[in-house]
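Numbering (this note's numbering), first residue to last: 5 to 380. Taking it in order: structure first as C-alpha cells, then the write-up.
As C-alpha cells, then:
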C-alpha cells in the first residue's frame, strides 16, 4: 500500500469516528432541539464525503492493481529475454550473487538456487582471485562503474573455462548493484592459441633453412643490423665468419646431390656444435654459411675459424659406404663500432672469403689483412 492510500484510509477513519460520536449523542438523548436539522445536514454531508473518499480509495487500489499487472508483465519479459540470452547475466548485491540467468548457470554447472548467495570468488581460478577481489571492491565503493576483463573460471566439476566479463554498476534504493555480462570464450581462446602456434611455426619455417635447420639469409638480413646496434651500445666487438665448402660442385657431380646434401648437413652440425648460445648461424645460400659472433674480436674469431677448418678437413663425410673428403674456406670481418652498416660488414667478410678461395682454398683470411692472417 502506498502513501496516498494511507492518507485516504486515515481520512475515512476520522470521518467514520465523527459520525459515530454524533450517533452516540443522539442515542443518549442529548438535547439537540434546534440542532436536529443541522445534525441531519452534517450527517448527510459526512456520508457524501465518505462515499467520495471511498470511491477515490477504490480508484487508487484499481490503479495500484494495474501497476502491479504491468510490473509482473515487465518482469516476465525481462526473464524471458535474459533466460534466452546466449551470454551469461548475473547480478551482485552486497558482494554476493543475487540473480543469474540460465546461460550463466550452464557455463559453471550450478543451479540457480546454488548460485544465489554464492561468493563470486568460488567459481574463479585461484590465480585470478586477487584481481577479481580488487575489482569487486573498487566497483562496490564506486571507484569504477564500467569494467572489461578476462579471467579463468572454474566449473562445479573443477574444469577451467576462459571467461570474458563486461560489467556495469547501477544504484537502486541507495544500494549499488553490479551487473555482469559473462561470455565463455574457452573455444575462442583455444583457437587463438592454435592460430598463434601456427603463425609461430610458419614464421620459424620462413626464417629456417629446410635442409640444415639453421637460420636462412632472410633472418640474417632482418637481424644483423639490430645486433650490430646492440654491440655498438655495449661498446663491444663482434665478428662475422663467412664459410664456403671447397669444390662442392665436384662432390655433387661425383657422388650425386644426396651426397652433397649429406655434406651440407654435416658441416651445419659442426657449426652448430661449435657455436655459443648468442651466436647466429645461417646457411647463406648453396654451400655458403655465415656465423655472426657478438662480443668476439678478430683474434678469437680467427682461432674459431681455424678450429672449424681443421675439424672439417679431418672429418670425412660417409655416404652409402663412400668416404668423402671435404675442406672449407673462411673469410672474417670484425666490427669495431663506428656505425658501419651490416651490408658493409658482410661485404668485407665476402671479400676475405674470396681471397681465401683464390689463394688456394682450405684456409682462413681476415679482412684486416693483418700479418700472418693470409697464411694457409
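Yeah, the Cβ is synthetic: ideal placement off N, Cα and C, and Gly gets one too.
Inset, instruction - Examine the ligand NAD and report whether any of its heavy atoms sits within less than 6 Å of the Cβ of residue 209. - result: Absence of the ligand NAD from the depicted structure is noted, as is the absence of any ligand whatsoever, leaving it without description.
Legend entry - Classification of residue 305 by the beta-carbon crowding that lies within 10 angstroms, buried from 16 upward: buried
Inset, instruction - Determine the DSSP secondary structure at residue 146, reduced to helix, strand or coil. - result: coil
Legend entry - Same chain only: Cβ atoms within 6 Å of residue 190, ignoring 5 sequence neighbours per side: 165 and 166
Legend entry - Inter-stretch contact at 8 Å, needing at least 3 Cβ pairs: the stretch 353–370 / the stretch 324–344: yes
Legend entry - With 16 other Cβ atoms within 10 Å as the buried cut-off, status of residue 90: exposed
Legend entry - residue 318, enclosing alpha helix (DSSP H) - first and last residue: Element bounds for residue 318: n/a, residue is neither H nor E.
Inset, instruction - Identify whether residue 114 lies in helix, strand or coil by the three-state DSSP scheme. - result: coil
Legend entry - Alpha carbon of residue 350 to alpha carbon of residue 321, nearest angstrom: 29 Å
Inset, instruction - Go to residue 171, then tell me how far its beta strand (DSSP E) extends in each direction, as first and last residue. - result: 164–176
Inset, instruction - Work out the CA separation of residue 362 and residue 203 for me, nearest whole Å. - result: 44 Å
Inset, instruction - Note down the Cα distance separating residue 319 from residue 312, rounded to an integer number of angstroms. - result: 11 Å
Inset, instruction - Just mark residue 184 as buried or exposed, buried being the case when its beta carbon has 16 or more other beta carbons within 10 Å. - result: buried
Legend entry - Cβ neighbours of residue 310 in the same chain (closer than 6 Å, five flanking residues each side left out): 368
Inset, instruction - Answer with buried or exposed for residue 25, where buried requires no fewer than 16 other C-beta atoms within 10 angstroms of its C-beta. - result: Note that residue 25 scores 49 on pLDDT, short of 50, meaning its location in the model is unreliable and no value can be drawn from it.
Legend entry - As assigned by DSSP and simplified to three states, the class of residue 345: coil
Legend entry - From 186, 128, 291 and 110, residue whose alpha carbon lies closest to that of residue 213: 291
Inset, instruction - Within the stretch 262–294, note down every full beta strand (DSSP E) run reaching 3 residues or more, in order along the chain. - result: 284–289
Legend entry - residue 372 (DSSP reduced to helix, strand or coil): coil
Inset, instruction - Could you tell me whether the Cβ atoms of residue 333 and residue 250 are closer together than 7 Å? - result: yes
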